[in-house]
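The next block holds one structure in the form of C-alpha cells; read it before the comments.
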Amino acid sequence: MIFRRLKAIWNPELYHGWGKKKKFFEGWYYKIVSKDQDHAFAFIPGIAMDENGLKQAFIQILDGKKFNSNYIKFSFDKFKSNPLVHDVRIGNNRFKLNSIELDLPNIKGKLLFKNLTPWSKSFFSPGIMGPFSFLPFMECYHGILSMNHSISGDLIINNKKINFNSGRGYTEKDWGHSFPLGYVWMQSNHFSNKNISFKLSVAKIPLKGFSFIGFIAGIYINGNIIEFTTYNFSKLKKCSISKEEVLIEMENNNYKIIVKAIRSKSTKLAAPIQGFMDSRIEESMNSIIHLILIDKIENKTIINDNGLSSCIEVAGKYNLLIK
Numbered sequence: 099m100i101f102r103r104l105k106a107i108w109n110p111e112l113y114h115g116w117g118k119k120k121k122f123f124e125g126w127y128y129k130i131v132s133k134d135q136d137h138a139f140a141f142i143p144g145i146a147m148d149e150n151g152l153k154q155a156f157i158q159i160l161d162g163k164k165f166n167s168n169y170i171k172f173s174f175d176k177f178k179s180n181p182l183v184h185d186v187r188i189g190n191n192r193f194k195l196n197s198i199e200l201d202l203p204n205i206k207g208k209l210l211f212k213n214l215t216p217w218s219k220s221f222f223s224p225g226i227m228g229p230f231s232f233l234p235f236m237e238c239y240h241g242i243l244s245m246n247h248s249i250s251g252d253l254i255i256n257n258k259k260i261n262f263n264s265g266r267g268y269t270e271k272d273w274g275h276s277f278p279l280g281y282v283w284m285q286s287n288h289f290s291n292k293n294i295s296f297k298l299s300v301a302k303i304p305l306k307g308f309s310f311i312g313f314i315a316g317i318y319i320n321g322n323i324i325e326f327t328t329y330n331f332s333k334l335k336k337c338s339i340s341k342e343e344v345l346i347e348m349e350n351n352n353y354k355i356i357v358k359a360i361r362s363k364s365t366k367l368a369a370p371i372q373g374f375m376d377s378r379i380e381e382s383m384n385s386i387i388h389l390i391l392i393d394k395i396e397n398k399t400i401i402n403d404n405g406l407s408s409c410i411e412v413a414g415k416y417n418l419l420i421k
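Here this note's numbering is used: the first residue of the sequence shown is 99, the next is one more, and so on.
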C-alpha cells in the first residue's frame with residue numbers, strides 16, 4: 099500500500115486512493131473532439147467516497163455540442179485500477195493513457211490516442227502541481243496526462259457511428275476531497291496551428307487556516323510547454339470575470355500571455371464536495387479563447403490566435419479571484 103501511494107506521487111496519472119476510506123474523490127477527464135469539431139465530448143471516469151465511507155464509482159459524460167450530460171453510477175467494486183500504470187476499469191469500460199474503451203447504454207466503441215504531450219516533471223516537481231504535490235493536506239490535486247494528442251477510432255452514440263479519426267484530445271485529472279473555493283479553468287487545442295494547445299486555471303486555494311490565489315497555465319508549442327505557475331514565480335497580473343468573458347494576463351521572466359475567453363452556453367456537471375459528487379458546476383465546450391503570447395526578450399508576438407471548441411468552467415466564489 100505504501101509503495102502504491104508513493105509511486106502515485108511521482109506518477110500523477112495513477113490512482114491515488116489506495117488506503118482511502120472516506121472523504122475522497124478521484125476523476126480522469128478525457129476531452130474528445132472530432133476532426134470537423136461537430137462532435138465534442140468529455141468522458142470522466144472516477145470514484146467518490148463521502149464522509150461516512152459510502153463509496154461509488156461513476157462515469158460522467160458531457161456532450162458539448164448538444165449541451166447535455168449524464169452521470170452513470172456503478173458499485174465501487176466495479177472499479178479496478180492498476181498500481182503500476184494508468185489502467186482504470188469501471189465495469190466493461192477501460193481508460194488508459196493511450197486509449198479508452200466504452201461499453202455504456204448509449205455509447206460504445208474504442209478510441210486510440212497518439213503523440214501524447216504530458217506536462218514536464220522532475221523528482222522535485224512530479225507534475226503540474228510542482229512542489230505542492232508533496233503537501234498531504236490540500237483539498238484538491240491536479241494532473242495533466244496529455245496537453246494535446248491525435249485520435250483515431252469510432253464511437254457508436256445513440257445507434258449512430260461517429261468517426262474520430264484525426265480528431266484532437268486532451269486528458270487531465272483531479273483528486274482530493276473538494277474542488278477549490280472558487281476557480282476558473284479553460285482549455286483549447288483547436289488553434290490555427292494544430293500543434294498548439296493551451297490550458298489555464300486560477301483558483302482560491304485554502305491551506306491550513308489561510309488561503310491564496312494559485313494559478314497554472316501552459317502553452318504547448320513547437321514541442322515544448324511554456325509554463326506559468328505560482329511555484330515558478332510567474333505573476334498573475336490581471337483576472338477579470340463576467341458572465342460574457344474572462345480576461346487574464348500572466349507573465350514570467352521570458353513570456354507574457356493575454357487571454358480573452360468568450361463564454362458560451364454551458365452544461366451542468368456533478369462535482370465533488372467533501373468527497374462525494376453532490377456539488378454542481380457548469381462547463382462549456384463550445385467557447386472561444388483568444389490567446390496572445392509575447393516573447394518579452396525579443397519583444398515579439400509569437401501567438402495571436404483564437405482557440406475553438408474551448409472548454410471553460412467558472413465556479414464557486416469566483417469573485418475572490420478578481421484582480
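Every residue gets a Cβ at the ideal spot worked out from N, C-alpha and C, and that includes glycine. Note that the coordinates shown come from a computational prediction; the quantities given were computed from them, not determined experimentally.
Nearest candidate by alpha-carbon position, reference residue i, set the options
| i | options | result |
| --- | --- | --- |
| Lys366 | Asn291, Leu243, Lys164 | Lys164 |
| Lys206 | Asn190, Leu195, Lys212, Phe221 | Asn190 |
| Ser244 | His388, Lys208, Lys194 | Lys194 |
| Ile188 | Gly316, Leu200, Lys354, Ile254 | Leu200 |
| Tyr113 | Tyr353, Asp185, Lys153 | Asp185 |
| Arg434 | Ser286, Leu279, Trp126, Ile390 | Examination of residue 434 is not possible in this model, given that the chain is present from 99 through 421 alone. |
| Glu111 | Thr269, Phe139, Ala138 | Thr269 |
| Pro216 | Leu209, Asn196, Leu210 | Asn196 |
| Phe211 | Leu334, Lys129, Ile390, Tyr329 | Lys129 |
| Val300 | Tyr416, Phe122, Pro203 | Tyr416 |
| Ser218 | Gly115, Arg361, Gly241 | Gly241 |
| Tyr318 | Phe296, Leu209, Ile311 | Phe296 |
| Ile346 | Ala413, Leu419, Asn352 | Leu419 |
| Phe123 | His137, Phe139, Phe177 | Phe177 |
| Leu279 | Leu391, Asn352, Phe262, Ile311 | Ile311 |
| Phe174 | Lys120, Met227, Ser250 | Lys120 |
| Ala138 | Ser231, Leu253, Ala106 | Leu253 |
| Asn350 | Phe313, Ser179, Glu380, Ile360 | Phe313 |
| Glu380 | Ser364, Phe221, Gln372 | Ser364 |
| Ala368 | Tyr169, Phe262, His275 | Tyr169 |
| Ser248 | Ser223, Met284, Lys292 | Lys292 |
| Ala155 | Gly373, Asn320, Ser223 | Gly373 |
| Tyr329 | Met284, Ile255, Pro229 | Pro229 |
| Ser250 | Asp134, Val344, Leu209 | Leu209 |
| Ser179 | Ile255, Asn246, Arg102, Ser231 | Arg102 |
Straight-line gap, residue i to residue j (C-alpha atoms, nearest Å)
| i | j | result |
| --- | --- | --- |
| Asn257 | Gln158 | 19 angstroms |
| Asn322 | Ile294 | 10 angstroms |
| Ser167 | Leu104 | 35 angstroms |
| Asp393 | Ile401 | 9 angstroms |
| Ser332 | Val282 | 18 angstroms |
| Ala146 | Lys171 | 10 angstroms |
| Arg378 | His288 | 27 angstroms |
| Gly225 | Trp273 | 14 angstroms |
| Ser362 | Asp161 | 14 angstroms |
| Glu342 | Leu334 | 21 angstroms |
| Lys421 | Asp403 | 24 angstroms |
| Lys398 | Ile324 | 16 angstroms |
| Pro143 | Ala413 | 21 angstroms |
| Asp148 | Gly117 | 14 angstroms |
| Leu182 | Met375 | 27 angstroms |
| Pro203 | Val131 | 21 angstroms |
| Asp136 | Ser309 | 41 angstroms |
| Arg192 | Ile260 | 19 angstroms |
| Lys354 | Leu214 | 25 angstroms |
| Asn109 | Ile395 | 34 angstroms |
| Lys358 | Met348 | 12 angstroms |
| Leu298 | Ser220 | 21 angstroms |
| Phe222 | Ala315 | 19 angstroms |
| His275 | Gly115 | 11 angstroms |
| Ile107 | Lys271 | 13 angstroms |
| Ile390 | Ile198 | 33 angstroms |
| Ile360 | Val344 | 7 angstroms |
| Asp66 | Met284 | What the structure shows of the chain is the stretch from 99 to 421, and residue 66 is not part of that stretch, so it cannot be assessed. |
| Ile255 | Lys153 | 29 angstroms |
Buried versus exposed call for residue i [16 or more other C-beta atoms within 10 Å across all chains shown]
| i | result |
| --- | --- |
| Ile339 | buried |
| Lys336 | exposed |
| Phe141 | buried |
| Thr327 | buried |
| Met99 | exposed |
| Pro370 | buried |
| Trp126 | buried |
| Gly151 | exposed |
| Ser290 | exposed |
| Asn352 | exposed |
| Leu233 | exposed |
| Phe262 | buried |
| Ser53 | Outside the shown range of the chain (99 to 421) lies residue 53, about which nothing can therefore be said. |
| Asn320 | exposed |
* To do: Pair every Cβ in the region 232 to 241 with every Cβ in the region 296 to 310, then say whether three or more of these pairs are closer than 8 angstroms.
  => yes
* In chain order, which continuous runs of the beta strand (DSSP E) of length 3 or greater are located wholly inside the region 340 to 381? -> 343 to 349, 353 to 360, 365 to 371
* To do: Flag this pair as touching only if the region 380 to 387 and the region 407 to 417 have three or more C-beta atom pairs under 8 angstroms; answer yes or no.
  => yes
* Asked: Which runs of the alpha helix (DSSP H), 4 residues or longer, sit entirely within the region 158 to 236?
  -> none
* May I have a chain-ordered list of the beta strand (DSSP E) segments no shorter than 3 residues that lie completely inside the region 307 to 343? => 308 to 319, 322 to 327, 333 to 339
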